[in-house]
Amino acid sequence: MRNISLHCLAGPLKGQVFRLTGGPVFIFGRYAKSTFSLAADPAASHLHFLVDISEDRVRIVDLGSTNGLVINDRHVSGKQGPPTREFVTLKSGDTILAGASLFRLAVVDDSSEFDTVHADAIRPEILPRPEPGKVIAEIHSDADATLPAVPRVSSVTEYYHEQPRQEDGLPAIDGYTLLEKIAVGGKGIVFKAIKDDSGAATAIKMLNFQRHGKHRSIEMFRREINITKQLQHNHIIRYLGDGVSAGQPYLAIEYVDGGSMDELIASSPGSRLDMPQAVPLFLQLLEAVGHMHSLSLVHRDIKPKNILLDLRRGGGLAVKLSDMGLSCRFSSPDTGEFLPIVTEGGTPAYMPPEQLTDLTRALPDSDVFSAAATFYHMVTGELPYEFKDGDQSETILEGKIRRIGEVRPDLPGRVADVITKALSYAPESRYANALEMLSAFRSALAQ
Ligand SMILES: Nc1ncnc2c1ncn2[C@@H]1O[C@H](COP(=O)(O)OP(=O)(O)O)[C@@H](O)[C@H]1O
Ligand SMILES: [Mg+2]
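So, in structure tokens, the structure goes:
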């Protein structure tokens, strides 16, 4: 039998021993419901790190802490640190600096005695001694450092407990008054709220743990938050804030009251839009997606449901592209990271074939396809794929798409050509990105 323990050698928790029995997962942080509280250490984060002792090894991962982890003198994570955080396998004797607390891991293979730890055996000069609350080291950041650096931990979700409630039963979030639940989406729960300081109408998005606690990890949500934060564009939903409330991360964005594009399509005569209504909205969509592409970001989930509409004074509508839940940086097939494709209601109707076959591929030409599929739906009231009963994936993989010009022969031929090209089976045959498509679409309209 193994006894595994973390001994605090220095810092505010000096002398404490944390015995890792039970498990397999232990959360360390200032958060009241952590397995082990670091509340006495002001330089520790709410959720600082997790130790996993399954499969005969001891592994550690940062939970998105500010000051990060220093393992055996090597700074492995932190808000300013390396952009990706992975589990690090530990061996007995390894030291871990978290906040201002220094720990040493002891793994003892018999049940007799715990390893005796002598604090003096550690030379003090090797220990970074941060001032409480101060970032330990400014690690230079590369271009990706603004992207979330978060752990791949699904079991963390189990540690997110009941949220404190307002009197009306809605979650209580500091700085906001929640008014009502407006949506339970595929991945998140969205509330309408008022931002207390400015009075701004706000949408608060939180993870839907009940439905996706295991599958949709905090990692993805943090990515969504960070990407939303980076985007400032007239036709992209505006970021207002984010935070963690009682262990639950939330994202605050501007509240948009004109419904979504799928509602607009459904409520229009013949369930389709006229060109004069569709064209300006589609141009705005391409501008928004083009903005993301120009920042080396791909959206990966463009569809009418994720296109919100802002009701302008005078009754006009403007596009607000939303839901960056699957967005990420460009990747090449070999560097790509597996991203689950989540479809609401199980209709991958706007998805290009390569998104089904190669889940790590994330390039703008896939967004070009989805944007074109969205336009197709807007003006024809139909989906581009000819889904029959049976397996939709087969239709997608075979690329069975009815040409838009057949469905709406009254469309200007050049506009139809642009959409057809953007819906090409092979990604290389499409426009490379939304800005290229935007300029082709504009010139088609001008003809
Ligand atoms: N900013 C907002 N303003 C108004 N409604 C919103 C806003 N953001 C989301 N919603 C509503 O919540 C739903 C789900 O939001 P979304 O971000 O798409 O979450 P999911 O990741 O679950 O798909 C949207 O379809 C929309 O009805
Ligand atoms: Mg959505």
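Adding 6 to a residue's 1-based position in the sequence shown gives its number in the numbering used here. By construction, the Cβ of each residue, glycine as well, lies at the ideal position given by its N, Cα and C atoms.
Unbroken beta strand (DSSP E) runs of length 3 or more, entirely within the stretch 262–347: which are they?
-> The qualifying runs are 313–317 and 323–327.
If you count every other CB in all the chains shown that lies within 10 Å of the CB of residue 325, and 16 or more means buried, which is it?
-> Buried is the call here.
Taking only the alpha-carbon atoms, compute the straight-line gap between residue 214 and residue 178 and give it to the nearest angstrom.
-> Cα-Cα distance, rounded: 16 Å.
So does the stretch 268–275 actually touch the stretch 414–423, counting three or more Cβ pairs closer than 8 Å?
-> Judged by Cβ distances under 8 Å, the stretch 268–275 makes no contact with the stretch 414–423, as fewer than three pairs qualify.
Is residue 386 near residue 278, with beta carbons less than 9 Å apart?
-> Yes, Cβ-Cβ distance for residue 386 and residue 278 is below 9 Å.
Roughly how many whole angstroms lie between the Cα atoms of residue 449 and residue 438?
-> Taking C-alpha positions only, residue 449 is separated from residue 438 by approximately 17 Å.
Ligand 1 heavy atom lying under 8 Å from the CB of residue 266 = Because some heavy atom of ligand 1 lies under 8 Å away, the Cβ of residue 266 counts as near it: yes.
Name the DSSP beta bridge partners of residue 13, please?
-> Residue 13 has 23 and 110 as its beta-bridge partners, per DSSP.
Please work out which residues of its chain come closer than 8 Å, Cβ to Cβ, to residue 146, disregarding the five sequence neighbours upstream and downstream, and give them in chain order.
-> Its pLDDT being 27, under 50, residue 146 is placed unreliably by the model, and nothing is read from it.
Rounded C-beta distance between residue 440 and residue 370? I'm assuming under 8 Å.
-> Cβ atoms of residue 440 and residue 370 come within 8 Å of each other, at about 7 Å.
Residues of its chain near residue 158, where Cβ-Cβ distance is below 6 Å and the 5 sequence neighbours each way are ignored | Unreliable positioning characterises residue 158 in this predicted model, as indicated by a pLDDT of 34, which lies under 50. A coordinate reading is not provided.
Relative to the alpha-carbon of residue 100, which residue among 47, 12 and 394 has its alpha-carbon at the smallest distance?
-> Ranking 47, 12 and 394 by CA distance to the CA of residue 100 puts 12 first.
To the nearest angstrom, how far is it from the Cα of residue 356 to the Cα of residue 376?
-> For residue 356 and residue 376, the distance between alpha carbons rounds to 5 Å.
Beta strand (DSSP E) containing residue 211: first to last residue?
-> From DSSP, the beta strand (DSSP E) with residue 211 extends over 207–213.
Pick out whichever of 47, 301, 291 and 426 has its Cα sitting closest to the Cα of residue 315.
-> Ranking the options by Cα distance to residue 315, first place goes to 291.
Where residue 230 falls, given that 16 or more other Cβ within 10 Å makes a residue buried = Here residue 230 is buried, its C-beta having at least 16 other C-beta atoms within 10 Å.
Would you grab the beta carbon distance between residue 260 and residue 206 for me? Rounded to a whole angstrom, and I think it's under 8 Å.
-> For a cut-off of 8 Å, the C-beta gap from residue 260 to residue 206 is around 7 Å, short enough to register as a contact.
Residue 453 burial status per 10 Å Cβ neighbour count (16 or more: buried) | Counting Cβ neighbours within 10 Å, residue 453 comes out exposed, since fewer than 16 surround it.
Give me the Cα-Cα distance between residue 249 and residue 411, rounded to the nearest whole angstrom.
-> Taking the Cα positions, residue 249 is about 48 Å away from residue 411.
Cβ-heavy atom distance, residue 307 to ligand 2, below 8 Å | The answer is yes for residue 307.
Sort 378, 70, 62 and 170 by Cα distance to residue 54 and report the nearest one.
-> The shortest C-alpha to C-alpha distance from residue 54 to any of 378, 70, 62 and 170 is the one to 70.
Near ligand 1: residue 225 beta-carbon under 8 Å from a heavy atom = Checking the 8 Å criterion, the Cβ of residue 225 is out of range of every heavy atom belonging to ligand 1.
Alpha carbon to alpha carbon, how far is residue 384 from residue 335? Give it in angstroms, no decimals.
-> Near 28 Å, if we compare the C-alpha coordinates of residue 384 and residue 335.
Does the Cβ of residue 331 lie closer than 8 Å to at least one heavy atom of ligand 2?
-> The answer is yes for residue 331.
Closest by CA to residue 21, which one among 28, 27, 108 and 60?
-> Minimum Cα distance to residue 21 is reached at 108.
Cβ-heavy atom distance between residue 20 and ligand 2 below 8 Å?
-> It does not: the Cβ of residue 20 is nowhere closer than 8 Å to a heavy atom of ligand 2.
To the nearest angstrom, how far is it from the Cα of residue 74 to the Cα of residue 82?
-> Their Cα atoms are separated by approximately 7 Å.
Given that a residue counts as buried once 16 or more other Cβ atoms are within 10 Å of its Cβ, and exposed if not, what is residue 96?
-> So residue 96 ends up on the buried side.
Under a three-way DSSP split, which group does residue 152 fall into?
-> Confidence at residue 152 is low in this model, with a pLDDT of 38, below 50, so its placement is unreliable and the value that follows should be read with caution. Reduced to three states, the DSSP call for residue 152 is helix.
Excluding five sequence neighbours on each side, which residues of the same chain lie with their C-beta closer than 6 Å to the C-beta of residue 408?
-> Within the same chain, Cβ atoms closer than 6 Å to the Cβ of residue 408 are found at 392, the five residues on either side in sequence being excluded.
Under the three-state DSSP convention, the category residue 427 falls into = Reduced to three states, the DSSP call for residue 427 is helix.
Helix, strand or coil for residue 377, going by three-state DSSP, please let me know.
-> Judged by DSSP in its simplified three-state form, residue 377 adopts helix.
In three-state terms, what does DSSP make of residue 382?
-> DSSP places residue 382 in helix when its eight states are reduced to three.
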